[in-house]
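In the numbering used here, the protein residues as written are 904 to 1286.
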């Protein structure tokens, strides 16, 4: 359990807080809700693609072979290929790790072949998959233990064609597998063309380690495989941005006497500079107005909204001839929305055209914008 204390006054706000349900059922105290995220024991907490750059959308999603509950293709290497560290037995051997994607900050990775029967592919040769060591190659990422700031070794798997006795076919035959390219690059196929990725609990070296660089080492329970990732592109056109990352999160639960401190600032009222800068956020919606809006309940109840409005202001609407069409007053301090029924000051529907709106906020400043209105043709139900 945990206790919340006001460190300024020493007052205990509440004590004995305990919530293990993963919900948001926490008390609000002095206008603040303090919420605890994470696990109550050292265990796998989450795995996620971090779309940090946002030039393009998230590129990868999980290729689920049943080994993970979160990303659908990310979990412990022990659960996927085995290895020497079991998260349920040796939780101290696991930590939070990031794959940091980059075309310049790269590292080398150990490649292994998942053998498939030539020429059809897919089925395993009688001699088995093998997972033969296939070299030390550059990949477009670096793997980092973010807790201890240590770069880690990585291995990946590529498909390869072999005869029934396990003998690999020549490179000319391997060319039929598009992903046979010496780098980790899952495709948009549902299984990502089985380009499995393993993070090894070993400090990274740009020269291969003998214990890793040997046939079958990733499946023979001899390596400390920490994390596994099986992924595929969401679509063939998806792009991994430099600066994006993939992260496995290992829970680091709080212990007795752990203290988390945060501070708040008093609300600043009547901040003229802030209020003036927020005038740029004022918008007319929809703009353009095409005959109707989603705010309307029927054809006679026209509505256009001004959004992000201050508590009190005056809005004047003009046509391009400079004539005042309508004046609106906002006096509701509890809303940031002001509605206009698209009527003139004479209670007649406005005509189609371009209008200028001027927002005047006493003691703050003003803002000017433009909106375009297309009114539908009037049709009388009876005459």
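From the three backbone atoms N, C-alpha and C, an ideal C-beta is built for every residue, glycine too.
{"Item": "Considering only residues of the stretch 1053-1094, which uninterrupted beta strand (DSSP E) runs meet the minimum length of 3 residues and lie entirely inside it, listed in chain order?", "Value": "1053-1065"}
{"Item": "Does DSSP put residue 974 in a helix, in a strand, or in coil?", "Value": "coil"}
{"Item": "Starting from residue 1203, trace the alpha helix (DSSP H) in both directions and tell me its first and last residue.", "Value": "Neither: residue 1203 is in no alpha helix (DSSP H) and is coded neither H nor E."}
{"Item": "Can you tell which of 983, 990, 915 and 1121 has its C-alpha closest to the C-alpha of residue 948?", "Value": "990"}
{"Item": "Helix or strand or just coil, what does DSSP make of residue 980?", "Value": "helix"}
{"Item": "Check whether the stretch 1117-1131 and the stretch 1031-1041 are in contact - that is, three or more C-beta pairs closer than 8 Å.", "Value": "yes"}
{"Item": "Residue 981 to residue 1099, Cα distance in whole Å?", "Value": "13 Å"}
{"Item": "Verify the CB distance criterion: does residue 1147 have a CB-CB separation below 8 Å to chain C?", "Value": "The chain labelled as chain C is not found in the depicted structure, where only one protein chain is given."}
{"Item": "Could you compute how far the alpha carbon of residue 959 sits from the alpha carbon of residue 1149?", "Value": "15 Å"}
{"Item": "If you compare alpha carbons, which of 1152, 1167 and 1230 is closest to residue 952?", "Value": "1152"}
{"Item": "Could you tell me whether the stretch 1010-1024 touches the stretch 1150-1170, where touching means 3 or more Cβ pairs closer than 8 Å?", "Value": "no"}
{"Item": "Looking at the structure shown, is residue 1098 part of a helix, part of a strand, or coil, going by DSSP?", "Value": "coil"}
{"Item": "How long is the line joining the alpha carbons of residue 1141 and residue 921, rounded to whole angstroms?", "Value": "43 Å"}
{"Item": "Who are the near neighbours of residue 867 in its chain, counting only those whose CB is closer than 8 Å to its CB and skipping five residues on each side?", "Value": "The question about residue 867 has no answer, for the chain in this structure spans 904 to 1286."}
{"Item": "Can you grab the Cα-Cα spacing for the pair residue 1213 / residue 1221, in whole Å?", "Value": "21 Å"}
{"Item": "Is the beta carbon of residue 1134 less than 8 Å from the beta carbon of residue 1012?", "Value": "no"}
{"Item": "Quick check on residue 1068: buried or exposed, where buried means 16 or more other Cβ atoms within 10 Å of its Cβ?", "Value": "exposed"}
{"Item": "Look at the alpha carbon of residue 1266 and the alpha carbon of residue 1215, and state the distance between them as a whole number of angstroms.", "Value": "11 Å"}
{"Item": "Can you check the stretch 988-1016 for any beta strand (DSSP E) of at least 3 residues that lies completely inside it and give the ranges in chain order?", "Value": "1000-1004"}
{"Item": "Less than 7 Å between C-beta atoms, sequence neighbours within five positions excluded: which residues of the same chain meet that for residue 1289?", "Value": "Outside the shown range of the chain, which is 904 to 1286, sits residue 1289, and nothing can be said about it."}
{"Item": "Where do the N-terminal and C-terminal ends of the alpha helix (DSSP H) with residue 1220 fall, by residue?", "Value": "Segment 1216-1222 is the beta strand (DSSP E) holding residue 1220; no alpha helix (DSSP H) there."}
{"Item": "Looking at the strands, I want to know which residues DSSP matches up with residue 1041.", "Value": "1011"}
{"Item": "Relative to the C-alpha of residue 1279, which residue among 1227, 909, 1195 and 1156 is closest?", "Value": "1195"}
{"Item": "With a CB to CB cut of under 7 Å and the five nearest residues on each side skipped, what residues in its chain are close to residue 915?", "Value": "906 and 908"}
{"Item": "Given this structure, state the Cα-to-Cα distance separating residue 995 from residue 1127, to the nearest angstrom.", "Value": "12 Å"}
{"Item": "In angstroms, rounded to a whole number, what distance separates the CA positions of residue 1202 and residue 1251?", "Value": "15 Å"}
{"Item": "Might you give, ordered along the chain, the residues of its own chain that have their beta carbon closer than 8 Å to the beta carbon of residue 1308, omitting 5 neighbours on each side?", "Value": "Lying before the first or after the last residue shown, residue 1308 is absent from the chain, which here runs from 904 to 1286."}
{"Item": "Where do the N-terminal and C-terminal ends of the alpha helix (DSSP H) with residue 1178 fall, by residue?", "Value": "1175-1181"}
{"Item": "Straight-line CA distance for residue 1208 to residue 1186?", "Value": "8 Å"}
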